[in-house]
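Colleague: Residue numbers (this note's numbering): 11 to 121. My questions will all concern the structure given below.
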């Protein structure tokens, strides 16, 4: 029983990581291209909002990390749409999310 539960938990963490990684990839791409991202990419990035919100509201181990990634994603989308003041927000939120990712990794290693 315990092994099945742990396997489900690991599968859930891996699924969450895919969504979080996709959002982080978009934020990095926005920074690399200085906000000059194709509208199609922005529309694709907007699709990550709901899964990130679901992870953030779930109370799982990655909830805080997903919340910060969502904040960074929203600010990066605003920056890509022309809001120059959003740049600072997505950089700060992304750095905080990186720190939270380290904390989550340590928690997962311990358990």
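Built from N, CA and C at the ideal position, the CB exists for glycine as well. For clarity, every value in this text was computed on a predicted model and none was experimentally measured.
In terms of residue numbering, what span does the alpha helix (DSSP H) encompassing residue 110 cover?
Modeller: Residues 96 to 120.
Colleague: Give the secondary structure of residue 22 by DSSP, where H, G and I count as helix, E and B as strand, and everything else as coil.
Modeller: helix
Colleague: So residue 76 packs on residue 103, CB below 8 Å; how close in whole Å?
Modeller: Not quite, the Cβ-Cβ distance comes to about 12 Å (not below 8 Å), so this is no contact.
Colleague: Could you check whether residue 74 and residue 31 sit closer than 7 Å to each other, using their CB atoms as the reference points?
Modeller: no
Colleague: Of all the alpha helix (DSSP H) runs that stay within the bounds of the stretch 44 to 80, which reach a length of 4 or more residues?
Modeller: Qualifying alpha helix (DSSP H) stretches, in chain order: 49 to 56 and 59 to 68.
Colleague: How big is the Cα-Cα spacing for residue 85 and residue 93?
Modeller: 9 Å
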